[in-house]
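To keep things clear, I will list the structure first and then write my remarks on it.
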Amino acid sequence: MQSIIPVKLPQNSYEIHIATNGLSDIGKKAQSLNIGKKILVISNPEIFNFYGQTTLDSLTKAGFDVNYHLIPAGESYKNLESIRTIYDVALNLRLERNSTMVALGGGVIGDMTGFAAATWLRGINFIQIPTSLLSMVDASVGGKTGVNHPQGKNLIGAFYQPKLVLIDPVVLKTLPEREFRAGMAEVIKYGVIWDNQLFDRLESASKLNSLDVLDTELLSYILQRSCSAKAEVVSQDEREGGLRAILNYGHTIAHGVESLTNYEKYVHGEAVAIGMVFAGKIALRAGLWTKTEAQRQDDLIAKTGLPTQIPLDLDPEKLIASLQLDKKVKAGKVRFILPEKIGKVIITDEITSEFLRSCF
Ligand code: GLY
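Be aware that the sequence shown starts at 90, since it is given in this note's numbering, and climbs by one per residue.
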């Protein structure tokens, strides 16, 4: 599998390379970017254990002066303290304006490395090597970088585009199955918001609930279509002035569910799956789409082994109240992304709390 998807932007366009065993070619790919000699690879111990040596060897062989820095795995380390440890290493290594940080890991490593690269010396080069399905199809593309504040997720950050995204599907073999399914929630999202052919293809697969049941061709199709969807949306609206908000389909409810369950019960993709099913219900009640289409979406989510229901012990009133804290609330109005049909959504702030109440 070898394909290149361009992310076309007014400034700083770049490419997503999807390449089987591409990790061992990262050195050559980096050479072609016209960057300086110094590279700092940022990863976590687990991922580095699997893929660090291949990455370092390839970069060293290509003539780069390579170092690495590891941050413990997990969302709880996605904070300014971890960023400070990256700055300390950057200082010791005397990284320069043309030096490069490489993110080798999932969304947490990618977001933090991007933020450190955006801010060190007011911006140095940055390459994304995502290792989870979720970061391959979503977090690594589009330039959202940042860390959490104790009061909320991703409150500190910057839009900062990488020079290259390298996706090597082979690394998915070490991804836990639950994380694989969580990534599939974002893949299904692209089917609903943008690409009805992707949706149809997923629908016609007999099973989707683990990497083992996907043939290489389907996996390749999933990666290509998801990255293309994200690239097209980001190309049209890099800084989320309008269209890009559709990428948050399912996320309004998801954020409420995640925060009310203390980020412990669900991983992000699972909460997004629940959020998409609920958004589908709102759209149905609002007469935006048909029962058949809502059912198709819910069946596909269920087939992937993802949860579909808001937990019964979660108080609807608390959930409705929590939506007011969403980053995207404007003038007190909660913004929803709602489907009109498979492959097309609208953005609306006209869903009242009362209407929401009637959807439970
Ligand atoms: N994950 C949503 C976005 O990149 O805009």
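Quick reminder that beta carbons are idealized off the backbone N, C-alpha and C, glycines included.
Nothing here was measured: the structure is a model prediction, and the numbers come from that model.
Member of E406, E104, E306 and A151 whose CA lies at the smallest distance from the CA of K126: From the listed residues E406, E104, E306 and A151, the smallest Cα separation to K126 is found for A151.
If G203 and S224 are in contact, beta carbons under 8 Å, what's the gap, nearest whole angstrom? Wrong, their Cβ atoms sit about 11 Å apart, outside the cutoff.
Cβ pair M201, V281 closer than 8 Å: Cβ distance not < 8 Å, so M201 and V281 don't count as in contact.
Whole-angstrom distance between S92 and Y310, CA atom to CA atom: 10 Å
I'd like to confirm something about R333: is its beta-carbon nearer than 7 Å to some heavy atom of the ligand GLY, or not? yes
Is it the case that the CB of L182 approaches a heavy atom of the ligand GLY more closely than 7 Å? no
For the pair the segment 262-279 and the segment 110-130, tell me if three or more CB-CB distances fall below 8 Å. no
Hey, out of K407, I409, I213 and T208, whose CA is closest to I124's CA? I213
Could you tell me which uninterrupted alpha helix (DSSP H) segments, each at least 4 residues in length, are contained entirely in the segment 232-286, listed from first to last along the chain? 266-282
Extract the residue ranges of the beta strand (DSSP E) inside the segment 388-448, only unbroken runs of 3 or more that lie entirely within it. Listed in chain order, the beta strand (DSSP E) runs fully inside the segment 388-448 are 425-430 and 433-437, counting runs of at least 3 residues.
Out of L389, K407 and Y338, which one is the CA nearest neighbour of K296? L389
Examine the ligand GLY and report whether any of its heavy atoms sits within less than 7 Å of the Cβ of E329. yes
For S295, which three-state DSSP category applies? coil
What's the C-alpha gap between G331 and I371? 21 Å
For T397 and V361, what's the separation of their Cα atoms in angstroms? 9 Å
Measure the alpha-carbon distance for G339 versus N181 and round it to whole angstroms. 43 Å
Pull up the DSSP beta-bridge partners for Y352, would you. None, per the DSSP bridge assignment.
Can you tell which of K97, E406 and K430 has its C-alpha closest to the C-alpha of Q250? Cα-wise, what sits closest to Q250 is K97.
What ranges does the beta strand (DSSP E) occupy inside the segment 129-185, keeping only unbroken runs of at least 3 residues that lie completely in it? If you keep only unbroken beta strand (DSSP E) runs of at least 3 residues inside the segment 129-185, you get 154-159.
So Q325 is in the alpha helix (DSSP H); what residue range does that whole segment cover? T305 to Q325
Across the segment 205-221 and the segment 168-184, are there enough close Cβ pairs to call them in contact, namely three or more that are closer than 8 Å? Contact between the segment 205-221 and the segment 168-184 is present, because at least three Cβ pairs lie under 8 Å.
Proximity to A343 [Cα-Cα], best of N237, V323, P400 and L373: Comparing Cα positions, the closest option is P400.
Is there at least one non-hydrogen atom of the ligand GLY closer than 7 Å to the beta-carbon of D227? yes
In chain order, what residues of the same chain lie with their CB nearer than 7 Å to the CB of N243, ignoring the 5 residues before and after it? G235 and N237
Near E135, what residues of its chain come up, given a Cβ to Cβ distance below 6 Å and the 5 sequence neighbours on each side ignored? A162
Is L261 near the ligand GLY - that is, is its Cβ less than 7 Å away from at least one heavy atom of it? Not under cutoff, so the answer is no.
Taking the Cβ atom as the reference point for each residue, do R333 and V322 lie within a distance shorter than 8 Å? yes
Where M190 falls: helix, strand or coil (DSSP): strand
Spatial neighbours of C448 within its chain, please: C-beta separation below 6 Å, excluding the five flanking residues on both sides. K370, I371 and R374
Under a three-way DSSP split, which group does I105 fall into? strand
Between the beta-carbon of I128 and the beta-carbon of V155, is there less than 8 Å? Their beta carbons are under 8 Å apart, which means I128 touches V155 by this criterion.
Start and end residues, alpha helix (DSSP H) containing V197: G196 to T208
CB contact flag (I435, E429, <8 Å): yes
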